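**Q**
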Amino acid sequence: MADYNKIEKVQLHVPSLEELRDVLQAGLEEDFAEVQVSVVECPDLTQEPFNFPVKGLCGSPRITDVGGVPYLIPLAHKHKEYDMNTVAQKLELPGAFILGAAAGPSGVLGMNSELVPLVQTESEGKPAINSSYFSTINPADGQCLLEKFSDKHSGCNFGLLGNLYACEGKTGKVLEMRVKRRTGSNSLVATMRKTLQDHYPDQSLALGGTSIVQKGKFKIHIMPREFSACPLHTDAEVNKWLQFFEVDAPLICQSVLVSRDPGLDLRVEHTHCFSHHGIAGHCYIDTTPDIVEYLGYYLPAEFVYRIDRPEITHVVGRN
Ligand code: ZN
C-alpha cells in the first residue's frame, strides 16, 4: 500500500526568473549552438500541441518524488499504487495541475507501462480531468502503443514511482528556452540541471515544465508489460529488460529536475514524452544533435515533497 504519511518537505532556493534566465543562457551556450532563454508569459497550454487541461504552469509551483526506483527493481512492489488526487492534497495544493514522469498503475491497467501524467486533480465539487497518456509495447508488432489513460480507467492512479511538478495551472511569467543544435554530450534537461548545480554550489533548486522536441530523433525506453520475474541488480540487467526505441519529433516532454539532492534520496532528473503520432515513453537524449531543436517552458519550484521514500535504496536504474 502507498504510505502517504511518510512525507518530508524541504524548501528550495528560488532565484528570480531574470537571474535564472542569465544563468541558463550562459550554461546552455556551452552545449548548444543557438540558445535564447527569455522570461515570457506562459503560452496557453490548452492549445496544440500541448492540449493540457490547464492554461499555465504557474501558481504555487512545487515538485514531489513519490515512491522510487527501489519499488521497481530488483523486484516490483506491485502493491505500491498512488492517487494523484491524494498526492495533490499531500502537496498542500488540492486541485493542483500535475505533470511529470511516472509508472502506470499495473493494478488497474493489468500491465506495467510508462505514464505521462497530465492531471488537473479534483477540488471541491469539481472532478479531476485526467489528460494523461500511457505507453506499452504492443505484443502484435513489438512497437510502441500509446493510449489515453482515461480511455482505460476513470481514476488518477499511478504505480511504484513518480517525479511530478504541481502548480495551480495559472498563467503568468515562465522561462522560455529556444535551443538549437547540440554541441555537447548532455541532453537539454541534463545541461540545465548541471548548469544550476555548478552555479549554485550550496543550494538546491528544482525546475519543472514542458518542452517540445521540434526536429530530429530521440532515444526513449518503454518498460515491458510484464515485470521482470528475476531480480534486476545492475544497470546492465535493467537495460536488457527495458526496450529502447529511436523515435521521431515532434515530441512533448514533461520534465522534473533537481540541481542537488537535499538529502531525500531523490531521482534528480526524470522526463517522459508523448506525441500526436503514437509515441510516448521515458526520454534520454536526442540522437540527431546537428538538427535538433527545442522549445521549452519551465518554472522553479518552491518546495520538494518526498512521499513514501523507500527504506531500502540503491542507485541502479535512475538514468
Ligand atoms: Zn521514466
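Residue 146 in my numbering sits at position 146 of the sequence shown, and the numbers go up by one each step. Note that CB positions come from ideal geometry on N, CA and C, so glycine has one too. What you are looking at is a predicted structure, and each value in this text was computed from that prediction instead of being measured.
Given His276, which residues of its chain have a CB within under 7 Å of its CB, disregarding the five upstream and five downstream residues?
**A** So the qualifying residues of the chain are Pro49.
**Q** Determine the DSSP secondary structure at His199, reduced to helix, strand or coil.
**A** If DSSP states are grouped into helix, strand and coil, His199 belongs with the helices.
**Q** For a minimum of 3 consecutive residues, which ranges assigned as the beta strand (DSSP E) are wholly contained in the segment 67–153?
**A** With a minimum length of 3 residues, the continuous beta strand (DSSP E) runs that stay inside the segment 67–153 are 81–83, 97–103, 114–116, 118–120, 133–137, 144–148.
**Q** How long is the line joining the alpha carbons of Pro74 and Thr234, rounded to whole angstroms?
**A** One C-alpha to the other measures close to 9 Å.
**Q** Relative to the C-alpha of Leu45, which candidate in Arg306, Arg309, Asp308, Tyr297 has its C-alpha closest?
**A** The option with the nearest alpha carbon to Leu45 is Tyr297.
**Q** Quick check on the burial criterion: 16 or more other C-beta atoms within 10 angstroms. Buried or exposed for Gln11?
**A** Under this definition Gln11 is an exposed residue.
**Q** Is any non-hydrogen atom of the ligand ZN found closer than 7 Å to the C-beta of Ala321, if you look at the structure I gave you?
**A** Given that the chain is displayed from residue 1 to residue 319, the structure contains no residue 321 and the question cannot be resolved.
**Q** Taking all protein chains shown into account, do 16 or more other C-beta atoms lie within 10 angstroms of the C-beta of Asn85, making it buried, or fewer, making it exposed?
**A** Under this definition Asn85 is a buried residue.
**Q** Classify Ser259: buried if its beta carbon has 16 or more other beta carbons within 10 angstroms, exposed otherwise.
**A** Buried, because 16 or more other Cβ atoms sit within 10 Å of the Cβ of Ser259.
**Q** Taking 7 Å as the limit, name every residue whose beta carbon sits nearer than that to some heavy atom of the ligand ZN, in sequence order.
**A** Per the Cβ criterion, the list is Ala101, Glu114, His270, His272, His282.
**Q** Report the rounded CA-to-CA distance for Asn80 versus Ala33, giving the unit in angstroms.
**A** In the sequence under discussion, the amino acid at residue 80 is Lys, which differs from the Asn named in the question. So the alpha carbons of these two residues sit roughly 43 Å apart.
**Q** With a cut-off of 8 Å, do at least 3 Cβ pairs link the segment 144–152 to the segment 19–38?
**A** Judged by Cβ distances under 8 Å, the segment 144–152 makes no contact with the segment 19–38, as fewer than three pairs qualify.
**Q** When burial is assigned at 16 or more other CB atoms within 10 Å of the CB, is Ile201 buried or exposed?
**A** One detail in the question is off: residue 201 reads as Pro in this sequence, not Ile. Result: exposed.
**Q** Can you tell which of Ile129, Pro105, Leu161 has its C-alpha closest to the C-alpha of Arg225?
**A** The residue with the shortest Cα to Cα distance from Arg225 is Pro105.
**Q** Given a cut-off of 8 Å, decide if Gly278 and Val69 are closer than it, judged by their beta-carbon atoms.
**A** Not closer than 8 Å, so no.
**Q** How big is the Cα-Cα spacing for Glu293 and Gln143?
**A** Straight-line Cα distance between these residues: approximately 25 Å.
**Q** List the DSSP bridge partners of Gly281.
**A** For Gly281, which the question treats as bridged, DSSP gives the partners Cys273.
**Q** Using C-beta distances below 7 Å, list every residue in its chain close to Val189, excluding the 5 sequence neighbours before and after it, in chain order.
**A** Here the set comprises Ser255, Leu257, Glu269, Thr271.
**Q** Given that a residue counts as buried once 16 or more other Cβ atoms are within 10 Å of its Cβ, and exposed if not, what is Ala229?
**A** When all chains shown are included, Ala229 counts as exposed.
**Q** Reducing DSSP to helix, strand and coil, say where Gln47 ends up.
**A** Coil, per DSSP.
**Q** Could you tell me which residues DSSP pairs with Thr64 in its beta bridges?
**A** DSSP output for Thr64 lists Leu164, Tyr305 as bridge partner(s).
**Q** Does DSSP put Ala206 in a helix, a strand or coil?
**A** Three-state DSSP puts Ala206 in a strand.
**Q** Can you find the residues in the same chain that come closer than 6 Å, C-beta to C-beta, to Asn112, ignoring five residues on each side of it along the sequence?
**A** Once the five neighbours on either side are set aside, the close Cβ partners of Asn112 are Ser106, Met223, Arg225, Phe227.
**Q** Please report how far the alpha carbon of Gly209 lies from the alpha carbon of Phe218, in whole angstroms.
**A** Near 18 Å, if we compare the C-alpha coordinates of Phe218 and Gly209.
**Q** How about Val87 and Ile307: are their beta carbons less than 8 Å apart?
**A** Taking 8 Å as the Cβ cut-off, Val87 and Ile307 qualify as a contacting pair.
**Q** How far does the alpha helix (DSSP H) with Arg178 in it extend, from its first residue to its last?
**A** That residue, Arg178, is in no alpha helix (DSSP H); its beta strand (DSSP E) goes 173–182.
**Q** Note down, in chain order, each residue of its chain lying with its Cβ closer than 6 Å to the Cβ of Gly67, except the 5 sequence neighbours on either side.
**A** So the qualifying residues of the chain are Lys80, Leu160, Leu161, Asp308.
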